[in-house]
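Have a look at the structure below before the remarks.
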Amino acid sequence: MLRVFARLAGSLVLMAIGVMGAQAQNFVVKPFSETRAPEVVGLTAADQAKALGRGVNFGGTLEAPSEGAWGGRLSAELFAAVRQGGFQTVRLPVRFSSHAAISAPYKLDEAFMKRVDFAINNALSRQLNIIIDFHHYHEMDGDPLEAEEVAIGLEKSRERFLAIWEQLAQRYQSLPNDRVLFEIYNEPHGKTEEVWNDLLAKALAVIRKTNPYRFLIVDPVDWATAWGLEKLTIPGEDRRVIVTIHNYAPFKFTMQGASWIEGSKPWLGTSCCEKAQIDEIRTPLDMAVEWGKKNDRPIFVGEFGSNSLAYYPDRVTYTRIMREEIENRGLSWAYWDFASHEFGPWDPATKSWLPELHEALVPKK
């Protein structure tokens with residue numbers, strides 16, 4: 002019955018996607034020199050964090066070395082499905098470092114940037130928030146480089162990072178400050194908190210030159226875990242900042258057999274969710290809430306999810322519990338991810354939902 006219902010639901014979704022996709026064709030992002038503030042007057046970072054609501058990550062699309070390299074491509078129908086599925090926000094991870102010149106002024110590739118424009122166009126035309134998330138700058142993190150990456154030295158990589166943000170800030174400065182958010186850098190690691198806090202302050206200063214009112218999202222060190230929050234320093238005068246954490250607890254369940262995590266094969270078959278595992282889920286959330294209150298900073302859970310090698314009914318249970326625990330603390334979130342075969346509740350091949358997983362994220366009213 003569930004399979005038949007899913008096929009029927011998928012047909013209805015496709016009808017809605019066709020209509021909504023057609024409506025998005027004439028929407029164009031036009032950069033202007035002026036900054037915008039009216040839509041955010043009186044809106045606090047806490048208000049904005051709450052407005053992010055329930056979201057999804059478009060993992061595996063523009064965060065890949067090139068679009069399509071990991072099987073994911075952006076399309077108008079993906080954004081339409083997000084909207085139809087009851088979500089409010091798209092977090093878009095982007096590997097900008099693979100699409101910029103390696104010498105000053107580190108110009109971004111215009112053809113690639115039009116794909117980012119395409120994503121913003123489609124999100125805004127469907128009344129979705131979109132988070133532009135700088136993802137995977139391997140040299141800056143001290144990680145091994147991939148085939149298409151060229152080493153330029155650590156100091157130059159940081160200079161390049163800031164130059165890329167200067168271009169992004171200029172390009173998108175006229176867009177709605179409460180609908181298009183910038184996430185400075187995903188999961189900083191491989192550097193001390195002093196190095197990250199210094200680079201973060203410089204990035205904020207660069208962005209604020211052209212985007213004084215835009216809401217920005219900041220990750221702590223230690224892979225954006227709650228344990229990195231106590232090491233995070235944000236310039237106190239900047240109150241338009243939301244702090245994000247990622248929560249993949251219980252890790253041996255969510256990442257069992259993951260090809261990108263060494264030593265994860267023995268975790269295959271791990272079930273969920275016993276009391277001890279639920280406690281693992283709750284601990285970082287409680288840490289983040291406490292830190293947020295202490296430092297007067299709103300919290301956004303930017304990633305959580307379990308991969309498809311886990312037993313599907315357990316994935317559904319885990320997803321429901323995690324979503325409830327996050328929302329019970331008054332936090333908004335973005336699930337990782339949306340349409341990949343590893344994590345997503347949306348199957349791009351059949352253009353239909355995995356209904357139980359979808360309902361765990363967006364319960365029926």
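Counting in our numbering, the sequence shown runs without a single skipped number right up to 366 at its last residue.
No residue lacks a Cβ here, since even glycine has one placed at the ideal position from N, Cα and C.
Check                                                                                                                                                                               : Outcome
Rounded to a whole number of angstroms, what is the C-alpha to C-alpha distance between Ile133 and Ala250?                                                                          : 25 Å
Which one of Lys253, Ser272 and Cys274 has the shortest CA to CA distance from Gly264?                                                                                              : Lys253
Opposite Thr245 in the DSSP bridges: which residues?                                                                                                                                : Phe301
Would the region 231–247 and the region 292–307 be scored as touching if the rule is three or more Cβ pairs under 8 Å?                                                              : yes
Rounded to a whole number of angstroms, what is the C-alpha to C-alpha distance between Leu362 and Gln89?                                                                           : 12 Å
In the DSSP assignment, the alpha helix (DSSP H) including Asn130 goes from what residue to what residue?                                                                           : From DSSP, Asn130 is part of no alpha helix (DSSP H) but of the beta strand (DSSP E) over Asn130 to Phe135.
Within 10 Å of its beta-carbon, does Pro346 have 16 or more other beta-carbons around it, so buried, or fewer, so exposed?                                                          : buried
Kindly identify the DSSP beta-bridge partner or partners of Gly56.                                                                                                                  : Thr90 and Ala335
Can you name the start and end residues of the alpha helix (DSSP H) that Val363 belongs to?                                                                                         : Segment: none, Val363 is in no alpha helix (DSSP H) and carries neither H nor E.
For Asp220, count the other beta carbons within 10 Å of its own beta carbon; 16 or more makes it buried, fewer makes it exposed. Which is it?                                       : buried
Between the alpha carbons of Arg84 and Leu129, how many angstroms are there, rounded?                                                                                               : 7 Å
Thinking Met96 and Leu53 are a contact (beta carbons under 8 Å), I'd like their distance in whole angstroms, please.                                                                : For clarity, residue 96 is Arg in the given sequence; the question names Met instead. Going by Cβ atoms, the distance from Arg96 to Leu53 rounds to 23 Å, so no, they are not a contact pair.
How would you write the range of the beta strand (DSSP E) that Phe183 sits in, first residue to last?                                                                               : Val181 to Glu184
Kindly list the residues whose CB is nearer than 7 Å to the CB of Arg159, restricted to its own chain and excluding five residues on each side of it in sequence; keep chain order. : Met141 and Leu200
Kindly indicate the opening and closing residues of the beta strand (DSSP E) around Ile218.                                                                                         : Leu217 to Val219
Under the rule that 16 or more other beta-carbon atoms within 10 Å means buried, what is Ser260, buried or exposed?                                                                 : exposed
Just how far apart, CA to CA, sit His100 and Lys276?                                                                                                                                : 45 Å
Give a yes or no on whether the C-beta atoms belonging to Asn212 and Ala164 are separated by under 7 Å.                                                                             : no
Buried or exposed: which applies to Val207, given that a residue is buried once 16 or more other Cβ atoms fall within 10 Å of its Cβ?                                               : buried
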